[in-house]
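K.L.:
Here you go:
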């Protein structure tokens, strides 16, 4: 199956068509918990990127040596190792952000998206495809995190990456950076995504229909 | 005693695991279709949470003081194997209980509320009794959120909801409103 | 579950299963490698993390106790003479627990005041407060929130609203302080609560009272303050 799809396409599909958040609805807990500001969302996205790409690389490189019966445990050990590395590096380099993300860095382990990619993709494909897939999936995850974080920070604080946008007269919608704002924003973003996909499908259907009619017309005339 | 009550009520209502910490969202959004199932899943999760709190305390007190860096990896390995073990023993000891809870147990392993509980309890330096209270509160809060969500979803099942909204987006918006309602509990302990 | 059991049975019947020794071997290898990686990152980051944490705490102590240039940690525990004789001991241990407080000294090593910590329920979650106390003048010299999860934009004013924080500078602490509605302050021991965050303000006041009542009987007589030990943390070394 992988032979007829280029590695580039493997990467692109995670960004939009199979977006882990908007389409597959995976990895919800870090998604909502840390997206109360754009910078937190970016750091969380980078951490997930590192863990997913690293684990996919290892799993697909060693896939011949991983016995089927213990594969899940081995994946979890690999993922947990990467997460610990990220946890300690962040604690050393960015203590302020680590304090805000707090317990949600270790919880990357429980992000079903990462384990899911190992089981569904990395263990079955060669290194090149596995890494491209991981880059795409975590890229898509990052896009979703960033979208959510930006919306919540802009509306909830009136700032973007900590830079004030609207001046003193803007009354921030505090609810947006509180937990309910997370649920509501993601719900509305999903709604928008569904609507967009539906519109696109209808548009493509119409184009196909028009083509069919045109072809049929040509046939008749010819 | 006051502190224990505060821990319990605070995790049950004010800092509800699902609605304030976003932990355990997968089952919350995925399995909350029916009231009965949600309640049972809630009970099973509470059970595993309490066992996890116990394991986390044992690990923290006897192993991790010597090797704090092994925290994450040992938690996850212990949780996964405990759930397996519980599953096997329930199957042996009480087939009827297994019938009602058993199918949920594998699902619970991937529930981030379990790992979250272990990590939060460690971060806050809870002892054994505090940790168990914390686990009970978290489990009760999870069950409460599941049951409320399932009730609302069963109710809206027959309502006229546009097809575009149905599904996760709709559930998330319900969750948002529930979460807002739960925010009303904040300050419960401080107003006196 | 039963399904997978049956599957594995049929597999083993075909004897394609690797032996359990191989399973254990691969798990052991994975565990060993991951252990090495984790330990090396732990060792690599250990010093930086320790320094970050210590610096954060030092900065808080120097902030609540003005004119202080060195500090040391005091722990309320038994001394060598045995049990039932708890008193304040100078410790050098890392980290912090509930039975710990800090003493601040000026450049000549003369004792100035204490920095006392307290924890308690706030609006959302536990608030962790540090405040400076001058035992000679019975004054609170400043307050700093070490940790909190109060509502952003409302409850977090307990550390963002400088008027509120400023009320804890030179606050007489003869009897318990009290939070009153903004503008209603009439006595010395009253604090104007923040509008829209009354509960959080009251929580801070209550935590300070509770911590003060816990610690003040433990403080030594005036003149008997713990002497500055030889190796201490100074403001300069803190800002390295």
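Chains as they are written, first to last, in our numbering: chain H, 1043 to 1264; chain B, 166 to 357; chain W, 2 to 241.
Glycine included, C-beta positions come from ideal geometry on N, C-alpha and C.
1) Beta-carbon of residue 163/W versus every beta-carbon of chain H: anything under 8 Å?
2) For residue 78/W, which residues in chain B fall below 7 Å Cβ to Cβ?
3) Taking Cβ to Cβ, would you say residue 1115/H is nearer than 8 Å to residue 1169/H?
4) Along the chain, where does the beta strand (DSSP E) that runs through residue 1078/H open and close?
5) Grouping DSSP H, G and I as helix and E and B as strand, with all else coil, what is residue 148/W?
6) Suppose the cutoff is 7 Å on Cβ atoms and the five residues either side in sequence are ignored; what does the same chain contact list for residue 1076/H look like?
7) I need the DSSP call for residue 192/W, collapsed to helix, strand or coil.
8) From residue 1254/H to residue 1201/H, what does the alpha carbon distance come to, in whole angstroms?
9) Please work out which residues of its chain come closer than 7 Å, Cβ to Cβ, to residue 230/W, disregarding the five sequence neighbours upstream and downstream, and give them in chain order.
10) If we count the other Cβ atoms within 10 Å of its Cβ and call it buried at 16 or more, is residue 171/W buried or exposed?
11) Taking 7 Å as the limit between beta carbons, can you name the residues of its chain near residue 276/B, skipping five residues before and five after?
12) Classify residue 1205/H as helix, strand or coil using the three-state DSSP reduction.
13) Could you spell out the range, first to last residue, of the alpha helix (DSSP H) harbouring residue 179/W?
14) Helix, strand or coil, according to DSSP, for residue 78/W in the structure here?
15) Which bits of chain B does residue 126/W rub up against, with CB to CB less than 8 Å?
16) Do the region 225 to 242 of chain B and the region 1114 to 1130 of chain H meet, that is, are 3 or more Cβ pairs less than 8 Å apart?
17) Bridge partners of residue 207/B, per DSSP?
18) Using only the alpha-carbon positions, how far apart do residue 120/W and residue 336/B sit?
19) Under DSSP, the alpha helix (DSSP H) around residue 250/B begins and ends at which residues?
20) Could you tell me which whole beta strand (DSSP E) segments of length 3 or greater appear in the region 103 to 135 of chain W?
21) For residue 303/B and chain W, any beta-carbon pair shorter than 8 Å?
22) Counting only beta-carbon atoms, is residue 311/B nearer than 8 Å to chain H?
23) Answer with buried or exposed for residue 33/W, where buried requires no fewer than 16 other C-beta atoms within 10 angstroms of its C-beta.
24) My guess is that residue 146/W and residue 160/W are in contact by the Cβ rule of under 8 Å, so how many angstroms apart are they, rounded?
25) Using a Cβ-Cβ distance under 8 Å, would residue 1070/H count as near chain B?
26) Below 8 Å CB to CB, which residues in the same chain sit around residue 302/B once its five sequence neighbours on both sides are set aside?
27) Could you tell me the distance, in whole angstroms, from the CA atom of residue 1113/H to the CA atom of residue 179/B?
28) Any beta carbon of chain B sitting closer than 8 Å to that of residue 122/W?
29) Work out the CA separation of residue 318/B and residue 1120/H for me, nearest whole Å.
30) Chain W beta carbons: is any one of them nearer than 8 Å to that of residue 356/B?
31) Using a beta-carbon distance below 8 Å, is residue 1043/H in contact with chain B?
32) Could you name the residues of chain W that residue 238/B contacts, counting a contact when the two beta carbons are closer than 9 Å?
33) Leaving aside the five residues before and after residue 1071/H along the sequence, list all residues of the same chain whose C-beta is less than 8 Å from its C-beta, in chain order.
34) Quick one: grab the DSSP three-state call for residue 91/W.
35) Determine the chain H residues that contact residue 131/W at a beta-carbon separation under 7 Å, and present them in chain order.
36) Could you tell me which chain B residues have their CB closer than 7 Å to the CB of residue 43/W, listed as they occur along the chain?
P.N.:
From the atom records:
1) no
2) Under the 7 Å cutoff, chain B gives no residues; its nearest Cβ is about 17 Å from residue 78/W.
3) no
4) Careful: residue 1078/H lies outside any beta strand (DSSP E) and carries neither H nor E.
5) strand
6) 1082, 1083, 1086, 1143 and 1146
7) strand
8) 50 Å
9) 73 and 91
10) exposed
11) 189, 191, 192 and 210
12) strand
13) Per DSSP, residue 179/W belongs to no alpha helix (DSSP H); it is in the beta strand (DSSP E), 179 to 181.
14) strand
15) 175, 179 and 180
16) yes
17) Looking at the DSSP assignment, residue 207/B forms no beta bridge with any residue, so it has no partner.
18) 37 Å
19) 236 to 258
20) 112 to 122 and 127 to 135
21) no
22) no
23) exposed
24) 4 Å
25) yes
26) 172, 173, 174, 175, 176 and 177
27) Distance from the CA atom of residue 1113/H to the CA atom of residue 179/B, rounded to whole angstroms, is 39 Å.
28) yes
29) Answer to the nearest angstrom: the Cα atoms are 38 Å apart.
30) In this prediction, residue 356/B scores a pLDDT of 45, lower than 50, which makes its location untrustworthy; no coordinate-derived value is stated.
31) Any reading at residue 1043/H must be qualified, since the residue scores a pLDDT of 45, below 50, and its modelled position is unreliable; the value itself is stated next. Chain B, which has no Cβ nearer than 8 Å to the Cβ of residue 1043/H, makes this no.
32) Result: 32, 35, 36 and 39.
33) 1146, 1149, 1152 and 1153
34) In the structure shown, residue 91/W falls within a strand segment according to DSSP collapsed to helix, strand and coil.
35) Contacts between residue 131/W and chain H, judged by CB atoms closer than 7 Å, are missing: the closest CB pair is about 16 Å apart.
36) The contacting residues are 234.
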